[in-house]
Amino acid sequence: MDPLFPMEPKSATNIPASSKWIAQIKWDGVHILTYSDGQTTRLFNRKKRERTANYPELAPIQTYCSAESVILDGEVIALGDNGRPSFHKVMRRDGVRNLDRVRLLQHQVPITYMIFDVLFYNGEWITKWPLEKRISLLSEIITPNDHVQLVRSHHDGEALFKAVKSSEMEGIVVKQLQSHYYIGEKNEVWLKIKNTLDVNAVIGGFTLSGGVVNAVLLGLYDDQGQFVYIGHTGTGKFTVQDWRNLTSKLITIKTSERPFVNLVERHRDAYWVKPEVTAKIHFAEWTEAGKLRQPSIQALLDIPPSECTFQYT
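For the sequence shown, full-length UniProt numbering gives the first residue as 1, with consecutive numbering after it.
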């Protein structure tokens, strides 16, 4: 089975109030599709990069799925100390390439696969089945365990969003019950309503305190391919060790030239770097000046800088 790009929801601000829609929690994790042909099981992220070795808990698919062949869609999450999904924690698992390290992290950072859809079942593509029927099939073929759960559907989207907001979780996704699965598309039959805003940005500079990075300068590419400064942050989910690791990474790509096309705050204390390192940033809103308000760094990403554009904000 060749990997494919998953369907993704479009951004929205209003929650449809209709019995034709259901709402699900938008889990803050790594989007993973699981492919099983009955002989082998492989996992790929939404960019079609293989992650089978990163999540060995999910490889024995027969322990949680009764299908002879299947493609499942879901989100791999890891819980933080507060009991809520932590993108920073799950990225500790997703970014590992050393198998010994994976085995260690299996115990330190347990994961759960939150399954919300099925695209292929026992030799048949079922993307044109209505969502309602696909969800029903999932309840028949999936047996939840310590590492696998089915995403629950709710009919009251407003109530779910209120609960998500009070729990400080990422948001919800609302879906038409009769919707098909559109491979590789963003379609208005699925809508995401977010409690927290986030953006994938590129680090273009940093400042130091005591020899360790204490803030990073962030940018995005505009439609002319220019690298535009959007703000800086020194807060977020990073541990002291994370900041030290980032320092080691950024020191190796220092440059004398400012990579940003526009002027930068705190530029007198800044060291410039080649725009190669990407990160997920949470923020409150965009200011009128086109900067991020209250940005905080959540995790480094394994995506190319060229994908960090204003188009995807």
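Note that the Cβ used here is the ideal one computed from N, Cα and C, for glycine as well.
In whole angstroms, give me the CA-to-CA distance for Ser-248 and Ile-203. 14 Å
Selection from Val-199, His-232 and Val-240 that minimises the alpha carbon distance to Gly-210: Val-240
Rounded to whole angstroms, what is the Cα-Cα separation between Met-91 and Thr-143? 26 Å
6 Å CB neighbourhood of Val-148 in its chain, flanking five on each side removed: Tyr-64 and Tyr-113
Three-state secondary structure assigned by DSSP to His-147: coil
Does the Cβ of Gln-39 have 16 or more other Cβ atoms within 10 Å, making it buried, or fewer, making it exposed? exposed
Near Val-189, what residues of its chain come up, given a Cβ to Cβ distance below 6 Å and the 5 sequence neighbours on each side ignored? Gln-176 and Ser-179
Across which residues does DSSP place Cys-65 in a beta bridge pair? Ile-142
According to DSSP, Lys-10 sits in a beta bridge with which residue or residues? Leu-191
When the Cα atoms are used, what is the spatial distance from Ile-15 to Asn-98? 43 Å
Could you tell me the distance, in whole angstroms, from the CA atom of Glu-276 to the CA atom of Thr-252? 11 Å
Assuming contact is defined by CB atoms lying nearer than 8 Å, are Leu-250 and Val-212 in contact in what I supplied? no
Measuring CB atoms only, is the region 217-233 touching the region 279-295, in the sense that at least three cross pairs come out at less than 8 Å? yes
Buried or exposed: which applies to His-155, given that a residue is buried once 16 or more other Cβ atoms fall within 10 Å of its Cβ? exposed
Taking only three categories from DSSP, how would you classify Trp-129? coil
Using the C-alpha atoms, what's the distance from Glu-132 back to Ser-153? 10 Å
DSSP has Leu-292 in a bridge; who is on the other side? Trp-286
With distances taken Cα to Cα, identify the nearest neighbour of Asp-117 among Ala-78, Val-174, Leu-138 and His-267. Leu-138
Thinking C-alpha only, which one of Trp-27, Tyr-55 and Leu-220 is nearest Gly-83? Trp-27
Return the first residue and the last residue of the beta strand (DSSP E) that Phe-120 is part of. 112-121
Tell me where the alpha helix (DSSP H) around Gln-224 begins and ends. Per DSSP, Gln-224 belongs to no alpha helix (DSSP H) and is neither H nor E.
Looking only at C-alpha atoms, which of Val-174, Glu-257 and Lys-165 sits nearest to Ala-12? Val-174
Consult DSSP for His-180 and reduce its assignment to one of helix, strand or coil. coil
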